[in-house]
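Residues 333 to 677 in the working numbering are what the sequence shown lists, from first letter to last. Ideal placement from N, C-alpha and C gives every residue a C-beta, glycine not left out. Note that the structure is predicted; figures quoted are calculated from it, not measured. Everything below concerns the one structure shown next.
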Amino acid sequence: MAREILIIHTWGLGDMILLTPVLNVIAQTHPDVSFSYLIFPKIAAEPVIKRKDTAHLWYAQRGIFSLLKAIVFLRRTKFYSTMLSSGVKPWKAWLFTCLLRAERKILEIRSLRYLGIEQQIVFDASLSRTHSNYLMLKSVLELPDWTILIADQRYYGLAPSFPLAEDNHRFAADFLSRNQLKHVTLTIIHPGCMAQNKYRRWKKEYFAQLIELIIARLGHKILIVSGPDELDVAEYLCKQSMLPLLYEKSLANVAAILSQANFFINTDSGIGHLASCFDIPMLTIFGPGDERQTAPFSSQSKIIRKSIACAPCVAKKREPCLVECLHKLTPEEVFSRFCELVNQA
Numbered sequence: 333m334a335r336e337i338l339i340i341h342t343w344g345l346g347d348m349i350l351l352t353p354v355l356n357v358i359a360q361t362h363p364d365v366s367f368s369y370l371i372f373p374k375i376a377a378e379p380v381i382k383r384k385d386t387a388h389l390w391y392a393q394r395g396i397f398s399l400l401k402a403i404v405f406l407r408r409t410k411f412y413s414t415m416l417s418s419g420v421k422p423w424k425a426w427l428f429t430c431l432l433r434a435e436r437k438i439l440e441i442r443s444l445r446y447l448g449i450e451q452q453i454v455f456d457a458s459l460s461r462t463h464s465n466y467l468m469l470k471s472v473l474e475l476p477d478w479t480i481l482i483a484d485q486r487y488y489g490l491a492p493s494f495p496l497a498e499d500n501h502r503f504a505a506d507f508l509s510r511n512q513l514k515h516v517t518l519t520i521i522h523p524g525c526m527a528q529n530k531y532r533r534w535k536k537e538y539f540a541q542l543i544e545l546i547i548a549r550l551g552h553k554i555l556i557v558s559g560p561d562e563l564d565v566a567e568y569l570c571k572q573s574m575l576p577l578l579y580e581k582s583l584a585n586v587a588a589i590l591s592q593a594n595f596f597i598n599t600d601s602g603i604g605h606l607a608s609c610f611d612i613p614m615l616t617i618f619g620p621g622d623e624r625q626t627a628p629f630s631s632q633s634k635i636i637r638k639s640i641a642c643a644p645c646v647a648k649k650r651e652p653c654l655v656e657c658l659h660k661l662t663p664e665e666v667f668s669r670f671c672e673l674v675n676q677a
């Protein structure tokens with residue numbers, strides 16, 4: 333009997349990519365299960381929009397009227413199960429979940445338990461979002477233990493994924509050829525993140541120094557990739573070192589080019605998670621974010637951060653915050669960590 337699970341996703345692209353390893357495992361072990369999604373930022377739908385196990389996709393905006401409209405619409409269907417993807421404040425998730433119809437409702441809690449929810453999973457800040465989402469879905473589906481998955485990740489498909497079509501590969505081949513980036517050692521750098529998370533960005537001047545070190549000492553070719561929110565930073569870096577820029581509206585085309593990189597560097601961004609779908613040796617610069625939960629889910633992914641007492645601080649940001657965790661992390665330190673990654677590769 334087919335079972336449809338509704339996942340409400342309020343986070344961005346990166347968190348949705350962190351969910352895809354879980355979806356891959358369930359597709360392998362429970363082909364009768366399909367997923368429907370209520371998604372807030374539309375770009376977050378890209379990793380799942382073409383999946384065979386995606387039944388329906390709906391979108392909503394933040395705000396009481398949009399939420400009420402979505403709830404009224406979703407109540408027309410009784411789902412096998414409902415949940416909000418990991419990391420949402422429990423009381424918000426509880427209010428939303430209580431208003432929906434499902435045989436088994438899942439809630440991620442901190443310590444306080446909530447009425448009317450059958451499956452309540454205690455949040456663990458030391459676990460990745462991938463692991464946390466898996467534990468929630470394991471409460472309503474018969475799934476292997478996490479240790480079994482880790483021991484045989486390839487068999488179960490426990491890896492991030494993003495679908496590409498042939499025209500995406502053609503775009504990538506043409507772009508790389510035009511910019512003389514084929515048959516070279518290519519490092520792609522994404523220097524930004526979405527505008528609302530600007531506090532997570534490393535200084536553009538630091539990136540410029542890092543690029544100079546990579547070119548001078550390693551001889552890599554560099555490609556800068558940018559979205560609209562950090563275009564000014566990307567253009568600054570391209571001008572400083574005469575570098576090519578990838579500014580492309582199609583996320584799938586960006587993904588196709590990332591799949592051809594030898595190495596990748598970013599600061600805690602959705603594009604970094606996109607790169608993790610292609611098993612690229614990559615380095616993520618972390619500051620206020622908690623890498624235990626939101627680092628790319630890949631054995632090829634490494635992180636670097638400056639160890640200071642108040643970091644990470646996403647959930648307990650102090651005021652005023654001078655972001656010393658990023659500003660005190662020097663280009664030389666990042667370059668040294670990157671060299672380790674290159675040598676391991």
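Stretch-stretch touch, CB-based, cutoff 8 Å, three pairs: the segment 525-538 with the segment 564-571
yes
Label residue 675 either buried or exposed according to how many other C-beta atoms from any shown protein chain fall within 10 Å of its C-beta, with 16 as the threshold for buried.
exposed
For the segment 542-550 and the segment 579-589, state whether three or more C-beta atom pairs, one from each stretch, are separated by less than 8 Å.
Judged by Cβ distances under 8 Å, the segment 542-550 makes no contact with the segment 579-589, as fewer than three pairs qualify.
Using beta-carbon positions only, say whether residue 449 and residue 413 come within less than 8 Å of one another.
no
Can you look up residue 468 in the DSSP assignment and give me helix, strand or coil?
helix
For residue 659, write down the residues that DSSP places opposite it in a beta bridge.
Partner(s): none; residue 659 has no beta bridge.
Given this structure, state the Cα-to-Cα distance separating residue 512 from residue 578, to the nearest angstrom.
13 Å
Alpha-carbon spacing of residue 442 relative to residue 508, whole angstroms:
47 Å
Under the three-state reduction of DSSP, which class applies to residue 452: helix, strand or coil?
strand
Count the C-beta pairs between the segment 633-643 and the segment 515-525 that are closer than 8 Å, then say yes if the count reaches three, no if not.
no
Reduced DSSP category for residue 595 - H, G, I as helix; E, B as strand; rest coil:
strand
Flag this pair as yes or no: are the beta carbons of residue 492 and residue 630 separated by less than 8 Å?
yes
Distance, residue 653 Cα to residue 341 Cα:
29 Å
Please return the same chain residues whose Cβ sits closer than 8 Å to the Cβ of residue 356, not counting the five positions on each side in sequence.
488, 489, 490, 491, 493
Would you decide whether residue 532 is buried or exposed? Buried here means 16 or more other CB atoms lie within 10 Å of its CB.
buried
Out of 604, 466, 598, 576, point me to the one whose CA is closest to residue 587's CA.
604
Let me make sure I understand the geometry here. Which of 451, 399, 467, 498 has the alpha-carbon closest to that of residue 424?
399
If we require 3 or more residues per run, which beta strand (DSSP E) segments fall completely within the segment 551-597?
553-557
With residue 620 and residue 645 assumed to form a contact (beta carbons below 8 Å), what rounded beta-carbon distance in angstroms separates them?
Taking the Cβ atoms as the reference, residue 620 lies roughly 5 Å from residue 645, within the contact range of under 8 Å.
Our contact map puts residue 368 next to residue 334 with C-beta atoms below 8 Å; I'd like the distance itself, whole angstroms only.
With 8 Å as the limit, residue 368 and residue 334 do not qualify as a contact, their Cβ atoms being about 12 Å apart.
Which listed residue (375, 609, 431, 495) has its alpha carbon closest to that of residue 383
495
Under the rule that 16 or more other beta-carbon atoms within 10 Å means buried, what is residue 457, buried or exposed?
A residue is called buried once 16 or more other Cβ atoms fall within 10 Å of its Cβ, and residue 457, having fewer, is exposed.
Near residue 576, which residues of its chain fall below 6 Å by C-beta distance, leaving aside the five closest residues on each side in sequence?
511, 555
Where DSSP assigns a beta bridge to residue 357, which residues make up the other side?
Paired residues: none, contrary to the question.
For residue 390 and residue 607, what's the separation of their Cα atoms in angstroms?
26 Å
With distances taken Cα to Cα, identify the nearest neighbour of residue 417 among 466, 433, 477, 445.
466
Assuming residue 411 contacts residue 338 under a Cβ cut-off of 8 Å, what Cβ separation, rounded to an integer in Å, is found between them?
5 Å
Since residue 370 and residue 392 should fall inside the 8 Å C-beta cutoff, what is the C-beta to C-beta distance between them, to a whole number of angstroms?
6 Å
Could you check what DSSP says for residue 410 in three-state terms: helix, strand or coil?
coil
If you follow the alpha helix (DSSP H) that residue 538 is part of, which residue opens it and which one closes it?
536-545
Residue 725 to residue 472 span [Cα, whole Å]
The requested residue 725 does not occur in the structure, where the chain is confined to residues 333 to 677.
For residue 405, the three-state DSSP class (helix, strand or coil):
Annotated three-state conformation of residue 405 is helix, per DSSP.
For residue 373, I'd like the list of residues in its chain whose CB is within less than 6 Å of its CB, leaving aside the five on either flank, ordered along the chain.
344
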